[in-house]
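Residue numbers (the working numbering), protein chains in the order written: chain S, 1 to 366; chain B, 367 to 732. All C-beta atoms, glycine included, are put in the ideal place defined by N, C-alpha and C. Because the structure is a prediction, the values reported are computed rather than measured. Shown next, in structure tokens, is the structure this report addresses.
Protein chains: 2
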Amino acid sequence: SDIVILSGGLGPTKDDLTKETAAALLGKKLKLHEPSKKKIQDFFEKRNITPTENNWKQAMAPEGAIVVENENGTAPGFIIEEGEKALILLPGPPNELLPMFEKSIKPYLKEKEPGIILSQTIKICGLGESYVETMIQDMIEKQENPTIAPYAKTGEVHLRATARAKSEKEAKKLLKPMTKELKSRIGGYIYTTEENVTLEMAVIDLLKNNRLTLTIAESCTGGMIVSRLINVQGASDVVREGLVTYSNKAKRKYLGVKKGTLAKKGAVSEETAKEMAKGGVFFTKSDVCIATTGIAGPGGGSEEKPVGLVYIGCNVCGKITVKKYQFGGGREKIRQSATAAALTLLRQCVLEHYSKVTFGKEKKEK
Amino acid sequence: SDIVILSGGLGPTKDDLTKETAAALLGKKLKLHEPSKKKIQDFFEKRNITPTENNWKQAMAPEGAIVVENENGTAPGFIIEEGEKALILLPGPPNELLPMFEKSIKPYLKEKEPGIILSQTIKICGLGESYVETMIQDMIEKQENPTIAPYAKTGEVHLRATARAKSEKEAKKLLKPMTKELKSRIGGYIYTTEENVTLEMAVIDLLKNNRLTLTIAESCTGGMIVSRLINVQGASDVVREGLVTYSNKAKRKYLGVKKGTLAKKGAVSEETAKEMAKGGVFFTKSDVCIATTGIAGPGGGSEEKPVGLVYIGCNVCGKITVKKYQFGGGREKIRQSATAAALTLLRQCVLEHYSKVTFGKEKKEK
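Structure representation (structure tokens):
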């Protein structure tokens, strides 16, 4: 059975036309729905307000429609059935939409379509979307059940495998071989297979499990890395200090970057990133430091050092890695990309340091 | 004329059912659209791939529909007209949807409905949504043209007045008295009337215009304030240093918070916020410092100091203001609320310092 769900446009104003349009398209008249009228009446009486004419619009229902009660507002929802098909109209405000969907629409859909849909998410960092797609091209082409779809996030690729089956057990059985195949193809670039685990959570976990403390020294990302990390509950066990050393002066004062390095190589250079990562560990007595310096734009770029050029340095217990990146997009996008790249590099450096696993030479940075 | 626009579900997979459902609901058959078939053929030939059976699904069009060419993908859009009404189906991916809307749908809509719609945004900080609604209740109730609607953002309220008229000049004329009335009612809490100006941009501008440098000292917000500020182009003229002093040790080392204060009053206290704001200016030689300390949760709360308790200190050229806040929601929401409150307090303190204007006693913090 085929179902369309529309949300929004059920309110009292003249712009709220979803119901009217749907009814007109389906050739149905709107009729007064007494219980809804009563509810609106009560709502306004309780608040001692006289409803204006347009409020009664919300009590009109397409003829033959199932009226779905709204426990958190005055606009009811509607299910209009046409044979096996159904058009479902729901209110727009999330605090009305979500409870109504949970309470009334989910059971309705469940009854129409027995069985379940189960998804498995695989989250990848350090590989570009098109590269991941190439790795699993054959799986995408012959997908049926489970289906598989890639979603690009800034600096990450998420794959979602979705199985449809009669029971949860059966759906899991369908998903298992696909998940296994994906893991064997993509390997260490997968940072989690949990839907609600973020890259920053994976990084904090990794550091915590290895009892490592972290200092973040940010120039172009300007607090974005530390802000993402501190969003993780328990980050305080790991994050020693966050320093936004945006000016050259701050880079020298807090991280001991040499005056000569800044003068000869510039603030945006491999050498500066290296000294930032080195100084971050030294001056704050932490185990690990991730440092960024780059040109977020829109000004400040040159032919030699264009907008989007970012150096990221990572110091894990004295071993310093510096990588060069060229990001596209506007200022915010560049900073977001640099932040994701920094978390990715941090994860890879710690993993390599502890497991001696080297990430593939075929590694592609987006 | 009434129009419904649906986006997504036009792709080749079995889950892509928007077109099929719409056609079935409207009692229309799907017919092969030759130019679309040709396009798909070319697309796959160019890439040397054999299309699978399901790809041809994208060449099917509801009978009588206007087929809208997709210049960035293989799924065309459709306009299905029913008398004065129309159902418009568009592809989901933004890089296909947006150009198609701009190129084909906008002109179609414009032709159907001559005249223009113009909006004026008023952005407010430092007042809660329900408080703002009360201030303009009468205007909301008798709205017609322009309409007026409030939108709540974290720590902000945006009002959007929208006028419909035959010409831009006429629409502007309709909007002008409403904007004037809103300004006179809400006054200094309005930080901009420009659609694309953010609170952080307004704050950076204000500091720059007064030639003030800023240090940000963050505990619970953990880099979120500095990250928002540095997103503003030219922030480097204003932002001196950003210090994420999450640990007590860092609060002492970088900001000179006294050991006794931390021991007696605790890290989350009015006194600590005050010393952070004081030390931030002193140790970095800036003019202004905004400092936050609070309990972001989910752990760490107590009866006396519950999760969501945040103190924000603001030091403008030696004059220190500390405010106490109690925010709701999860960890991220609390940090976002504290960040918005910090930017708001910073703005108010600078304005008061320079203009001697005092923000109303009726001020409500959300």
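Legend entry - Under 7 angstroms from the C-beta of TYR311/S: neighbouring residues of chain B: Near TYR311/S there are no residues of chain B at all, since even the closest Cβ is about 17 angstroms away, more than 7 angstroms.
Legend entry - Reference LEU30/S; option with closest CA among TRP56/S, GLU270/S and GLU63/S: GLU63/S
Inset, instruction - Look up LYS397/B in the DSSP assignment and say whether it is helix, strand or coil. - result: strand
Inset, instruction - Inspect the beta-carbon positions of ASN72/S and PRO51/S and report whether they are closer than 9 angstroms. - result: no
Legend entry - Residues that PRO664/B contacts on chain S, provided the C-beta gap is smaller than 7 angstroms: The answer, in chain order, is GLN233.
Inset, instruction - Would you give the residue range spanned by the beta strand (DSSP E) that GLY223/S belongs to? - result: Premise fails: GLY223/S is in no beta strand (DSSP E) and is neither H nor E.
Legend entry - Range covered by the alpha helix (DSSP H) that runs through GLY279/S: 270-284
Inset, instruction - Using a Cβ cut-off of 9 angstroms (strictly closer), state whether GLY223/S contacts chain B. - result: yes
Inset, instruction - May I ask you to list, following chain order, the residues of the segment 326-337 of chain S that have a beta carbon less than 9 angstroms from some beta carbon of chain B? - result: Result list: ARG331, GLU332 and ARG335.
Inset, instruction - Would you mind working out which of THR261/S, GLU241/S and GLN58/S sits nearest ASN248/S, comparing C-alpha positions? - result: THR261/S
Inset, instruction - Check the Cβ of GLY521/B against every Cβ in chain S and list those closer than 8 angstroms, keeping chain order. - result: The premise fails here: GLY521/B is roughly 16 angstroms from chain S at the closest Cβ pair, so nothing lies under 8 angstroms.
Legend entry - Below-9 angstroms beta-carbon distance, VAL654/B vs any chain S residue: no
Legend entry - Exposure of ILE661/B, with buried meaning 16 or more beta-carbon neighbours within 10 Å: buried
Inset, instruction - Mind listing, in chain order, the continuous alpha helix (DSSP H) runs of no fewer than 4 residues lying wholly within the segment 441-481 of chain B? - result: 460-466 and 472-478
Legend entry - Spatial distance of LEU199/S from TYR191/S (CA atoms): 7 angstroms
Legend entry - Cβ-Cβ distance between GLY8/S and THR21/S below 9 angstroms: no
Inset, instruction - Output yes if chain S places a C-beta closer than 9 angstroms to the C-beta of LYS732/B; else output no. - result: Confidence in LYS732/B is poor, its pLDDT being 40 and thus under 50, which makes the residue's placement unreliable; the coordinate value appears in the next sentence. False, the Cβ-Cβ gap to chain S never drops below 9 angstroms.
Inset, instruction - Determine which residues share a DSSP beta bridge with GLY294/S and list them. - result: VAL310/S
Inset, instruction - With 8 angstroms as the C-beta to C-beta threshold (strictly closer), list the residues of the segment 61-76 of chain S near chain B in chain order. - result: Within the segment 61-76 of chain S, no residue places its CB atom closer than 8 angstroms to a CB of chain B.
Inset, instruction - Assign CYS715/B to one of three DSSP states: helix, strand, or coil. - result: DSSP, read as helix, strand or coil, puts CYS715/B in helix.
Inset, instruction - Kindly list the residues whose CB is nearer than 6 angstroms to the CB of ILE446/B, restricted to its own chain and excluding five residues on each side of it in sequence; keep chain order. - result: Here the set comprises PRO428, ALA431 and LEU453.
Inset, instruction - Take TYR555/B and list the residues in its own chain whose beta-carbon comes closer than 7 angstroms to its own, dropping the five residues that flank it on each side. - result: ILE490, CYS491, GLY492 and LEU493
Inset, instruction - Closer than 9 angstroms, Cβ to Cβ, to anything on chain S: give me those residues from the segment 602-614 of chain B, in chain order. - result: With the criterion set as a beta carbon lying under 9 angstroms from some beta carbon of chain S, the members of the segment 602-614 of chain B are SER602, VAL605, ARG606, GLU607, GLY608, LEU609, VAL610, THR611, TYR612 and SER613, in sequence order.
Legend entry - chain S contacts made by the segment 382-395 of chain B, where a contact means CB separation under 8 angstroms: Hits within the stretch, in order: LEU383, THR384, GLU386, THR387, ALA388, ALA390, LEU391 and LEU392.
Inset, instruction - State the Cα-Cα distance for the pair PHE43/S and ILE552/B, rounded to the nearest angstrom. - result: 29 angstroms
Inset, instruction - From the DSSP output, in three-state form, read off LEU609/B for me. - result: strand
Inset, instruction - For SER635/B, count neighbouring C-beta atoms within 10 Å of its own C-beta (all shown protein chains included) and say buried if the count is 16 or more, exposed if not. - result: buried
Legend entry - Cα-Cα separation, LYS535/B to LYS542/B: 11 angstroms
Inset, instruction - Pick out the complete alpha helix (DSSP H) segments inside the segment 473-560 of chain B, 4 residues or longer, and give them in chain order. - result: 495-501, 503-507 and 534-552
Inset, instruction - Return no unless some Cβ of chain B is closer than 9 angstroms to the Cβ of GLY318/S. - result: no
Legend entry - Identity of the residues DSSP links to GLU419/B by a beta bridge: None; GLU419/B has no bridge partner.
Legend entry - Closest by C-alpha distance to MET544/B, when choosing among ASN562/B, ALA518/B, GLU510/B and ILE570/B: GLU510/B
Legend entry - THR213/S in three-state terms, based on DSSP: coil
Inset, instruction - Give the single residue among ALA537/B, LEU572/B and TYR497/B whose Cα lies nearest to the Cα of HIS719/B. - result: Residue LEU572/B holds the alpha-carbon nearest to the alpha-carbon of HIS719/B among ALA537/B, LEU572/B and TYR497/B.
Legend entry - C-alpha distance - VAL197/S paired with VAL232/S, whole-angstrom precision: Distance between the alpha carbons of VAL197/S and VAL232/S is about 10 angstroms.
Inset, instruction - Check whether the Cβ atoms of VAL244/S and ILE596/B lie closer than 9 angstroms to each other. - result: Yes. Within cutoff.
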